[in-house]
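In the UniProt record's numbering, the protein residues as written are 1 to 542.
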């Protein structure tokens with residue numbers, strides 16, 4: 001095993017060098033061993049997916065432009081993949097870690113990811129992308145810090161905390177997966193977790209008078225959440241890589257897949273306080289707590305937990321509209337706006353994506369524009385690179401709702417490099433949707449109830465909306481985004497509701513450049529795993 005680890009490190013270093021990464025940008029090595037292990041988050045024994053024996057998995061800390069060399073060893077009894085929620089992987093969809101771009105890591109094998117957090121800051125997380133593994137753990141936080149010379153629009157906090165919160169099921173993930181494959185919906189979640197623990201199971205210790213940063217991600221499968229701290233205010237400072245106007249909130253709605261950063265000042269009398277996470281817009285309100293412990297406190301938490309917001313969608317929509325970009329703050333570079341501003345660019349095309357919940361062949365499925373995604377036998381990125389016919393065809397995903405009957409298809413939408421597009425997510429279902437786009441950030445320019453029309457553009461925020469990678473769409477409502485297609489590759493667009501994603505509410509966006517240049521996209525890695533119809537083919541010679 002020692003020789004194998006040495007060889008793996010040498011391969012990783014070679015990969016780092018052949019990708020032409022600037023030697024001035026530091027790199028960080030990680031070795032992850034993925035295993036099963038027993039946990040008791042809701043009081044019953046469960047088999048979880050652990051990384052280096054941890055649930056949640058290890059924290060990734062990086063600085064803008066760092067290169068991450070992550071060797072993942074799969075000791076499970078089934079294939080495994082890790083994906084990176086919000087890491088854009090410039091020119092490098094080969095490392096996206098979803099089945100449309102990567103072959104799974106087989107049991108007893110390993111794969112080394114080579115990522116660069118190019119021109120990024122902010123709060124994100126990683127997660128397992130195959131086989132409903134996310135219901136068993138395998139996720140962890142990612143923090144990308146600004147470079148020392150780049151000013152941050154708030155004083156350094158006394159400490160930086162990661163909060164991974166979301167719904168949880170007591171049922172084994174294999175059973176949940178079979179339930180979906182048999183055409184049935186998931187049951188209602190059994191509870192909520194904060195950093196892998198249930199009620200009052202996790203403690204954050206603070207010193208009175210100091211200010212702390214909390215990076216909160218909704219890593220659940222099924223429900224939006226609300227985050228609040230008893231007796232304390234939340235100052236929002238960052239959303240998925242965008243510095244925000246520093247508005248004050250008593251609680252924040254955080255939808256599936258989203259990440260927020262808030263500053264909290266320990267300015268209350270010395271005692272312990274509840275940190276509360278509760279479900280939003282569910283028929284039964286689930287709640288769990290952690291503890292905010294003042295270091296000089298001798299008094300524990302007491303009384304009822306602070307009540308959350310009502311189920312009123314209007315208040316959540318209003319809150320979402322108050323989240324604006326801090327135009328005076330630097331991003332990963334000084335003067336991030338420069339001469340470029342999203343509101344001054346006319347989109348070259350409009351794409352409308354309408355979700356639905358059809359039954360196909362007697363089984364529950366989910367679809368976008370009447371297409372329910374069918375996983376291919378070969379990752380799309382490999383099929384595209386090796387020109388393997390019959391795996392997919394560009395245009396199999398329509399760019400507008402057809403209104404026809406739903407059907408199964410390996411859906412791929414074609415687009416050109418450097419296009420600037422308008423995407424409208426239209427939701428006619430009576431449930432909150434959450435959409436994520438890999439490899440890109442986008443500007444959330446508008447959201448409202450009812451049917452989107454061209455006249456809806458009159459209400460767009462074309463001045464200071466945030467750029468992010470995940471957005472909610474409220475029931476019977478729409479959300480519109482502007483996005484620069486500045487990252488060549490095959491990129492997953494998916495529902496962050498994992499039942500919906502697993503049963504077809506996803507597709508791939510092929511951002512194409514004819515130049516075939518390393519300036520636009522890296523070549524296939526030499527360590528690429530090959531499977532399906534790509535098995536036995538060769539990557540570039542050494």
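Beta carbons: idealized from backbone N, C-alpha and C, even for Gly.
Please name the residue or residues paired with residue 128 in a DSSP beta bridge. 82
Taking residue 410 as the reference, which of 458, 420, 395 has the closest Cα? 395
To the nearest angstrom, report how far apart residue 284 and residue 220 are at their CA atoms. Per the coordinates, the alpha-carbon of residue 284 lies some 16 Å from the alpha-carbon of residue 220.
How long is the line joining the alpha carbons of residue 424 and residue 451, rounded to whole angstroms? 10 Å
From what residue to what residue does the beta strand (DSSP E) around residue 238 run? 234–239
Per the DSSP calculation, residue 363 is bridged to which residue(s)? 360
Span of the alpha helix (DSSP H) around residue 407: Taken as a continuous stretch (DSSP letters only), residue 407 belongs to no alpha helix (DSSP H), being part of the beta strand (DSSP E) at 407–409.
On a Cα-Cα basis, can you pick out the residue from 355, 350, 28, 86 that is closest to residue 474? Of 355, 350, 28, 86, the residue nearest in Cα terms is 355.
According to DSSP, residue 259 sits in a beta bridge with which residue or residues? 217
Let's test the definition: count the other Cβ atoms within 10 Å of the Cβ of residue 59 and tell me whether it reaches 16, buried, or not, exposed. exposed
For residue 36, which residues from the same chain have a beta carbon less than 6 Å from its beta carbon, with the 5 sequence-adjacent residues on both sides left out? 47
Rounded C-beta distance between residue 372 and residue 404? I'm assuming under 8 Å. 12 Å between Cβ atoms; not a contact.
For residue 299 and residue 258, believed in contact at Cβ under 8 Å, the rounded distance: Contact between residue 258 and residue 299 does not hold, since the beta-carbon distance rounds to 34 Å and is not under 8 Å.
Candidates 204, 319, 416, 198: which alpha carbon is nearest residue 286's? 198
Are the beta-carbon atoms of residue 123 and residue 215 separated by less than 7 Å? yes
Supposed close pair residue 115, residue 84 - CB separation, criterion 8 Å: Between residue 115 and residue 84 the beta-carbon gap is near 7 Å, inside 8 Å, which marks them as a contact.
Just checking, does the stretch 289–297 make contact with the stretch 241–251 on the three C-beta pairs under 8 Å criterion? no
Within its chain, find whatever has a CB closer than 8 Å to the CB of residue 233; leave out the 5 residues flanking it on each side and keep chain order. 248, 249, 250, 264, 265
C-alpha gap between residue 304 and residue 159, whole angstroms: 28 Å
Could you have a look at residue 385 and say whether DSSP puts it in helix, strand or coil? helix
For the alpha helix (DSSP H) containing residue 314, list its first residue and its last residue. 313–321
Contained alpha helix (DSSP H) runs [length at least 4] in the UniProt domain "Plastocyanin-like" (378–514), N- to C-terminal order: 380–385, 498–502
Pairs of beta-carbons, one from the stretch 87–98 and one from the stretch 156–171, closer than 8 Å: are there three or more? no
Using 10 angstroms around the beta-carbon of residue 538, count the other beta-carbons present and answer buried if the total reaches 16, otherwise exposed. exposed
Contacts around residue 110, its chain only, beta-carbon distance under 8 Å, and the 5 residues preceding and following it disregarded: 8, 71, 72, 73, 74
Helix, strand or coil for residue 57? Go by DSSP, reduced to three states. coil
Please report how far the alpha carbon of residue 100 lies from the alpha carbon of residue 156, in whole angstroms. 40 Å
Where residue 166 falls, given that 16 or more other Cβ within 10 Å makes a residue buried: buried
Note the first and the last residue of the continuous beta strand (DSSP E) segment covering residue 277. Taken as a continuous stretch (DSSP letters only), the beta strand (DSSP E) holding residue 277 covers 272–280.
Alpha-carbon spacing of residue 337 relative to residue 327, whole angstroms: Legend: pLDDT at residue 337 = 47, less than 50; position of this residue unreliable, value from coordinates given subsequently. Going from the Cα of residue 337 to the Cα of residue 327 covers about 8 Å.
Taking the continuous alpha helix (DSSP H) assigned at residue 152, which residues delimit it? Looking at the DSSP string, residue 152 is not in any alpha helix (DSSP H), and its letter there is neither H nor E.
Whole angstroms are fine: how far does the CA of residue 385 sit from the CA of residue 490? 10 Å
Just grab the DSSP bridge partners of residue 368 for me. 355, 371
Since I believe residue 480 is in contact with residue 495 (beta carbons under 8 Å), could you give me their beta-carbon distance rounded to a whole number of angstroms? Contact flag wrong, Cβ pair sits at about 17 Å.
If you draw a straight line from the alpha carbon of residue 322 to that of residue 448, how long is it in whole angstroms? 14 Å
Output the boundary residues of the alpha helix (DSSP H) element that contains residue 178. 173–181 is the span of the alpha helix (DSSP H), which, as asked, contains residue 178.
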